[in-house]
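Accompanying notes for the structure given below.
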Amino acid sequence: MSARPTVDQSALLPASLRDDFPILNGDVLAGHPLVFLDNAASTQRPRQVIDAISDVYQRDYANVHRGIHTLSERSTELYEQARENVRSFIGAKHAHEVIFTPGSTASINLVARSWGGENLRAGDEVLTTVMEHHSNLVPWQQIAAQTGAVLRHVPLTDDGRLDMGQFDALLCERTKLVAVASVSNTLGTINPIDEIARKAHAAGAVVLVDAAQSVPHMATDVQASDVDFLAFSGHKMLGPSGVGILYGKESHLDAMPPFLGGGSMINEVRLDSFTPAALPAKFEAGTPPIVPAIGMSAAVDYLNRVGLEAIHHHEQVLTQLAYDALAQIEGLRILGPAPEYRAGLISFAFERIHAHEFAQVLNDQFGVAVRAGHHCTQPLHALLGIPASTRASFYLYNRPEEIDRLIEGIAKVQSMFALKGRRRKRKQ
Ligand code: PMP
Numbered sequence: 002m003s004a005r006p007t008v009d010q011s012a013l014l015p016a017s018l019r020d021d022f023p024i025l026n027g028d029v030l031a032g033h034p035l036v037f038l039d040n041a042a043s044t045q046r047p048r049q050v051i052d053a054i055s056d057v058y059q060r061d062y063a064n065v066h067r068g069i070h071t072l073s074e075r076s077t078e079l080y081e082q083a084r085e086n087v088r089s090f091i092g093a094k095h096a097h098e099v100i101f102t103p104g105s106t107a108s109i110n111l112v113a114r115s116w117g118g119e120n121l122r123a124g125d126e127v128l129t130t131v132m133e134h135h136s137n138l139v140p141w142q143q144i145a146a147q148t149g150a151v152l153r154h155v156p157l158t159d160d161g162r163l164d165m166g167q168f169d170a171l172l173c174e175r176t177k178l179v180a181v182a183s184v185s186n187t188l189g190t191i192n193p194i195d196e197i198a199r200k201a202h203a204a205g206a207v208v209l210v211d212a213a214q215s216v217p218h219m220a221t222d223v224q225a226s227d228v229d230f231l232a233f234s235g236h237k238m239l240g241p242s243g244v245g246i247l248y249g250k251e252s253h254l255d256a257m258p259p260f261l262g263g264g265s266m267i268n269e270v271r272l273d274s275f276t277p278a279a280l281p282a283k284f285e286a287g288t289p290p291i292v293p294a295i296g297m298s299a300a301v302d303y304l305n306r307v308g309l310e311a312i313h314h315h316e317q318v319l320t321q322l323a324y325d326a327l328a329q330i331e332g333l334r335i336l337g338p339a340p341e342y343r344a345g346l347i348s349f350a351f352e353r354i355h356a357h358e359f360a361q362v363l364n365d366q367f368g369v370a371v372r373a374g375h376h377c378t379q380p381l382h383a384l385l386g387i388p389a390s391t392r393a394s395f396y397l398y399n400r401p402e403e404i405d406r407l408i409e410g411i412a413k414v415q416s417m418f419a420l421k422g423r424r425r426k427r428k429q
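So the sequence shown is numbered by my numbering: it starts at 2 and just counts up by one.
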């Protein structure tokens, strides 16, 4: 393997960012410095987010929208400020188009059940893709089974991008909704969301974007992209778990029936009926994720300070480095397209070593945390002819030296497994 080219440090975010993340500087792996490359699953939190959460609990916490006492007023104000902060972060027109949910999965289920239940009829089509996370497949399968709608799936090109020729061919007057990820959590492919939205609208369909893997890493503008729904999760963007966002255009959200029933989502309740509240309360039944939402807002502030463009650029540099080095490793197959078409993650598979075993040794012996499995994209793995893969995913705190550790670790684990294989053969 040739030595890696030196990286122009000015192309990267400052390494001092790492000081903001206590867990990266803690002793997680008993002596090993932690190389955390599992950011597509969930990211770590900076002190600013941890402090924001702790501050609410220590100074401002009460249930929101209910009491008239001081703490309830304070927590309500913080919660609604968080909504406004997210609105501005994604370029939405109105704060009431931003619904707090438990996460991307919950957001997509809300649309499938509420919008789908109201608008899908037998024979209607929902167009999705073969690269979707289970969260953007199963809810559509469920509502299709209930309504008689049919699911269609856009296939891949040979290099792991969406086949837009096939998208054009599959999009038709029966298509009522297009549900697509902006970035594949397995292939890393960045999909052409603006083009998809334009074409879907021309065909009379609405567009839901699963943006779990793009909102944390690149600037989002829902009005410029003209998407109808957008789903993402706080925990993948330096925020707490247990909170996510459903963005929806006002006209759609207004016309949709409430999804969950209970407190807060009503205007008036009688013993045998209710009238729903206005947006956004209509879709926030029960006590919402108050503190997670406020923590998510602190994460938005942090990302804004660093800058989404700088983050994206930093990840591109790391991705190119990792891609070039991985491409030189014999017996390793990179899934998905060339670096120019992908975001900051790379999944790969080995000919003779299972991803789980591989990731375990990489963690235990080299302190490198990567993901192994099907990453909730079983149909995609089946299509690629492999049961599982290993995924390294990057974020603003990762450094080129950590890519070196990953590559060194892979080479060593590979030779350990090769040695084991030879021993096993000799014994037979
Ligand atoms: N969609 C994509 C593309 C994802 O990567 C994930 C998380 N792995 C999800 C949806 C689901 O997100 P959550 O578990 O936060 O609901």
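Yeah, the Cβ is synthetic: ideal placement off N, Cα and C, and Gly gets one too.
Endpoints, alpha helix (DSSP H) assigned at N110: S105 to L111
What is the DSSP secondary structure of V155, counted as helix, strand or coil? strand
Within the present structure, is the beta-carbon of Q379 separated from the nearest heavy atom of the ligand PMP by less than 7 Å? no
Should H236 be listed as close to the ligand PMP, given that the test is whether its C-beta is under 7 Å from any heavy atom? yes
Cα-Cα separation between L14 and Y398, rounded to whole angstroms: 8 Å
Got a sec: does the ligand PMP put a non-hydrogen atom nearer than 7 Å to the Cβ of S115? no
Quick one: what's I267 bridged to in DSSP? P277
Taking Cβ to Cβ, would you say G245 is nearer than 8 Å to S234? yes
Alpha carbon to alpha carbon, how far is A350 from G287? 44 Å
Among N137, A93, E133 and G92, which residue has its Cα nearest to the Cα of R114? N137
Which one of H202, H33, L384 and R67 has the shortest CA to CA distance from G337? L384
Y1 - DSSP class collapsed to helix/strand/coil: The chain is shown only over 2 to 429; residue 1 falls outside these bounds and no answer can be derived.
Enumerate in chain order the residues of its own chain whose CB-to-CB distance from D255 is below 7 Å, with the five nearest sequence positions on each side excluded. L280
Where are the alpha helix (DSSP H) runs, 4 residues long or more, that stay fully inside the stretch 272–323, in chain order? 291–307
Under the three-state reduction of DSSP, which class applies to T71: helix, strand or coil? helix
For the ligand PMP, list every residue whose C-beta falls under 5 Å from any of its heavy atoms, going in chain order. G104, S105, T106, H134, S136, A182, N186, D211, A213, Q214 and S234
If you measure between the beta carbons of G443 and V36, is that distance less than 8 Å? Because the chain is modelled from 2 through 429, residue 443 falls outside the range shown and cannot be assessed.
Mind checking which residues open and close the alpha helix (DSSP H) that includes L363? A356 to F367
Considering only the beta carbon of each residue, do H1 and V131 sit closer than 8 Å? The structure shown has nothing for residue 1, since the chain only spans 2 to 429.
Where does E174 sit, in a helix, a strand or coil, going by DSSP? coil
Answer yes or no: do G189 and R343 have a C-beta to C-beta separation smaller than 8 Å? yes
CB-CB under 7 Å to A53, same chain, minus the five flanking residues each way: which ones, in chain order? I295, G296 and A299
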